[in-house]
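Chains as they are written, first to last, in our numbering: chain A, 1 to 318; chain B, 1001 to 1505.
This is the structure we're talking about:
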């Protein structure tokens, strides 16, 4: 477990209404200008150079590039999102947006500041006047992963047509993280065949969100890859094995999600084609499965079910 | 269970294993017409068989395992393993789960081997399959020999050996004593495994009664395994015929060179009356022992049978000297019938030798093996190369019988084959096996677990549980299958069952 700070990136797209200008009055601003300001004053406490949106209601929509946004883990040099360690999972996140509002003329109406994302609207209300720190904690705000996979919008709304000036100083997300906070257990036993339904059971400190699972990958020992459709809940995910390419003997399953970076291996299963496991074995009293040498990955083993035990009685009757 | 309507309940509360005999409709209710991967518990119950685990915990475990033997050493119970890859058979010594020595021996074409442990060493005989018409037979590998392995991880070497070459000198030594007269002298070398070579390096000398004898230019052996050299001598020869090997030679007391480097032996005194330990028999020993398909021990003698050139020949060593096999009187010839010897096993002081459909016996009469009387035991039943059960690490029986895989079935043998055979209940199953594949059968007896394990030509494991009694009626049979091709079984550490699997090509 550790701490991270996620800064806004240096590129993105900027859309929306309102007049954007920097503190010197230079207009218009580009997204780069905006991000530069927000990044430079990431934790400035509301001081430093600023950008401001004048008068009309509008949303500053900033979609931050996932390859550029950076994470600094435990105070070390920042790395890009794509270079986060595999299994990086956000345990907590506080979005900090340093801003202030200068209504002119004075209220009665005060604007609302919102942080939007396609995952849902999160409304944060600021007290009138002065600098304010908007913060919200995970999971009521988008996760750090989501920050870099979806659009984050910061908007100002104005009531009754009264012009307002909103000043934005800094923006970042900080919190704690852990690596691969999820474990998965394949409930099936080897061997498996095409058409079999595979079930995996996740467990971890943070519940797995099936909606954030982006894919299941099945890789056979010959390098063939498939991505079966899946369904699931927080307690299990299921998918159906597609037709084999050739006669693979071992299948490796992995999962990707926006809840963690990289992919996580679910496990391995042998197929019905698995017959080769040469070596020296011993009968283990009381063991309910077989452990075989995995010749496709020397130095490792495979747990397989005992080939279907069966018995048939003689003729019953007469 | 209560009757339902007018149907009477049929209660099955005993499960006595597989029954494959006669018509399937006649299978008793307490037996199975078919079963697989079950294990019998207690008197009447059964469950899923035990799982298997890996035996080696190393980065590169042995693969393509063809044969495993138990190998008891002075310090541990270990395994000798044959693997076969790319046409070469390689033998390894698996000491424990993390320690493997080898390959100790690699021979092209060695698809199987015979093995017997003796005094901490291991004796290895490579063999393979040959065809004789429609038959597949097993014989010693052509051009190969018996090997000895010291058990310490060093490479196995050919057993026996040749004598030294060279001509020493002899002269009077310091004041001493001999029986004055013409003597023939020679030297015998001894290897680290205790093998004594034929006497060679002869020199003749007329000794003087008042002087000892000194020798120089004594040859050393080209075999690095030689650790000692002994002086041998004849008694006084009146009319020497020029052939030093034509006279009885004896070990001279206290005339030992305890290395393979010293070239002088000085001041040896002896009388002819002191010459008691005969060395002449060493002249007729094999200097290299041909490979055979069977190795066993009988009365502290090594028995090697079925060489490539002599299928009905068994070579028997001197007692206590497994590498000393006399080419003249150390031979047993089993009556020729066109079939090779397959196995040999001691039971109650009798040596039983089998062919595929014959069993004979020999009894040690205290004289040389070639004089042992032959008794014909059975003219119809015999065994295959691994078809006689071995028990624990003794390589022999633990009780007063053998368990033998014959064409008739799995039989108890106590000097004769008992009928009905143990496999009476699965007669159809056994007789459905391909006879030409019987060389794949290996039988193992586990008296602690009360199980008999038989590797089948189908690469499955036939298990006979005799917890209810070792008789045809009480034994419970089942078949185990695995995801890999099992082809050998061994037992070590008292009751740990070891399976070996090779690669399916």
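Cβ coordinates follow ideal geometry from the N, Cα and C atoms, glycine included.
Cβ neighbours of residue i in the same chain (closer than 6 angstroms, five flanking residues each side left out)
i: residue 1056 of chain B; result: 1097
i: residue 1449 of chain B; result: 1495
i: residue 1260 of chain B; result: 1220, 1221 and 1226
i: residue 1464 of chain B; result: 1452, 1475 and 1477
i: residue 219 of chain A; result: 225 and 252
i: residue 1172 of chain B; result: 1208 and 1211
i: residue 1090 of chain B; result: 1083, 1103 and 1106
Where residue i falls, given that 16 or more other Cβ within 10 Å makes a residue buried
i: residue 1239 of chain B; result: exposed
i: residue 1339 of chain B; result: buried
i: residue 1386 of chain B; result: buried
i: residue 185 of chain A; result: exposed
i: residue 2 of chain A; result: exposed
i: residue 1027 of chain B; result: buried
i: residue 1269 of chain B; result: buried
i: residue 996 of chain B; result: Outside the modelled stretch of chain B, which goes from 1001 to 1505, sits residue 996 of chain B, for which no answer is possible.
i: residue 1233 of chain B; result: buried
i: residue 1041 of chain B; result: exposed
i: residue 1011 of chain B; result: exposed
i: residue 1442 of chain B; result: buried
i: residue 1473 of chain B; result: exposed
Closest residue to residue i among the options (Cα-Cα distance)
i: residue 1111 of chain B; options: B/1135, B/1491, B/1177 and B/1126; result: B/1126
i: residue 1487 of chain B; options: B/1454, B/1470 and B/1466; result: B/1454
i: residue 170 of chain A; options: A/1, A/75, A/280 and A/7; result: A/7
i: residue 1355 of chain B; options: B/1007, B/1069 and B/1379; result: B/1379
i: residue 76 of chain A; options: A/4, A/31 and A/29; result: A/4
i: residue 1296 of chain B; options: B/1324, B/1245 and B/1353; result: B/1353
i: residue 1162 of chain B; options: B/1201, B/1040 and B/1335; result: B/1201
i: residue 1266 of chain B; options: B/1175, B/1330 and B/1307; result: B/1175
i: residue 1274 of chain B; options: B/1300, B/1149, B/1177 and B/1188; result: B/1177
i: residue 241 of chain A; options: A/208, A/222, A/199 and A/80; result: A/199
i: residue 315 of chain A; options: B/1300, B/1013 and B/1031; result: B/1031
i: residue 1306 of chain B; options: B/1130, B/1020, B/1061 and B/1280; result: B/1130
i: residue 1157 of chain B; options: B/1037, B/1045, B/1077 and B/1192; result: B/1192
Pairwise C-alpha distance: residue j and residue i
i: residue 324 of chain A; j: residue 34 of chain A; result: Given that chain A is displayed from residue 1 to residue 318, the structure contains no residue 324 of chain A and the question cannot be resolved.
i: residue 1318 of chain B; j: residue 295 of chain A; result: 47 angstroms
i: residue 233 of chain A; j: residue 249 of chain A; result: 29 angstroms
i: residue 1500 of chain B; j: residue 281 of chain A; result: 6 angstroms
i: residue 313 of chain A; j: residue 253 of chain A; result: 40 angstroms
i: residue 1351 of chain B; j: residue 1404 of chain B; result: 15 angstroms
i: residue 68 of chain A; j: residue 172 of chain A; result: Confidence in residue 68 of chain A is poor, its pLDDT being 49 and thus under 50, which makes the residue's placement too unreliable to answer from.
i: residue 107 of chain A; j: residue 52 of chain A; result: Per-residue confidence for residue 107 of chain A stands at a pLDDT of 48, beneath the threshold of 50, marking its modelled position as unreliable; no derived number is given.
i: residue 1408 of chain B; j: residue 227 of chain A; result: 56 angstroms
i: residue 1066 of chain B; j: residue 262 of chain A; result: 43 angstroms
i: residue 1370 of chain B; j: residue 1419 of chain B; result: 32 angstroms
i: residue 304 of chain A; j: residue 1124 of chain B; result: 36 angstroms
i: residue 134 of chain A; j: residue 264 of chain A; result: Its pLDDT being 46, under 50, residue 134 of chain A is placed unreliably by the model, and the measurement read from it follows with that caveat. Straight-line Cα distance between these residues: approximately 34 angstroms.
i: residue 1080 of chain B; j: residue 1092 of chain B; result: 6 angstroms
i: residue 236 of chain A; j: residue 175 of chain A; result: 28 angstroms
i: residue 309 of chain A; j: residue 188 of chain A; result: 17 angstroms
i: residue 1507 of chain B; j: residue 1228 of chain B; result: Here chain B covers residues 1001 to 1505 and nothing more, so residue 1507 of chain B does not appear.
i: residue 1329 of chain B; j: residue 1283 of chain B; result: 12 angstroms
i: residue 1183 of chain B; j: residue 1150 of chain B; result: 37 angstroms
Proximal residues to residue i (C-beta, below 8 angstroms), its chain only, five neighbours per side dropped
i: residue 1134 of chain B; result: 1436
i: residue 183 of chain A; result: 202, 203 and 204
i: residue 1087 of chain B; result: 1108 and 1109
i: residue 231 of chain A; result: 210, 237, 238 and 239
i: residue 1325 of chain B; result: 1160, 1285, 1286, 1289, 1302, 1304, 1315, 1316, 1317 and 1318
Chain B contact residues for residue i, given Cβ-Cβ distances below 8 angstroms
i: residue 352 of chain A; result: There is simply no residue 352 of chain A to check, as chain A begins at 1 and stops at 318 in what is shown.
i: residue 247 of chain A; result: None at all; the shortest Cβ gap to chain B is about 12 angstroms.
Chain-ordered neighbours of residue i on chain B, where CB pairs are closer than 7 angstroms
i: residue 316 of chain A; result: 1010 and 1029
i: residue 286 of chain A; result: 1050
Within chain A, partners of residue i - CB distance below 9 angstroms
i: residue 1476 of chain B; result: Near residue 1476 of chain B there are no residues of chain A at all, since even the closest Cβ is about 12 angstroms away, more than 9 angstroms.
i: residue 1061 of chain B; result: 278, 279, 280, 293, 298 and 299
Partner residues on chain A for residue i, Cβ-Cβ distance less than 7 angstroms
i: residue 1427 of chain B; result: Those do not exist, as residue 1427 of chain B stays about 16 angstroms from chain A at its closest Cβ, beyond 7 angstroms.
i: residue 1056 of chain B; result: 279 and 280
i: residue 1064 of chain B; result: 278
Under 8 angstroms by beta carbon: chain A residues contacting residue i
i: residue 1037 of chain B; result: 306, 307, 308, 309 and 310
i: residue 1502 of chain B; result: 278
Under 9 angstroms from the C-beta of residue i: neighbouring residues of chain B
i: residue 209 of chain A; result: Those do not exist, as residue 209 of chain A stays about 36 angstroms from chain B at its closest Cβ, beyond 9 angstroms.
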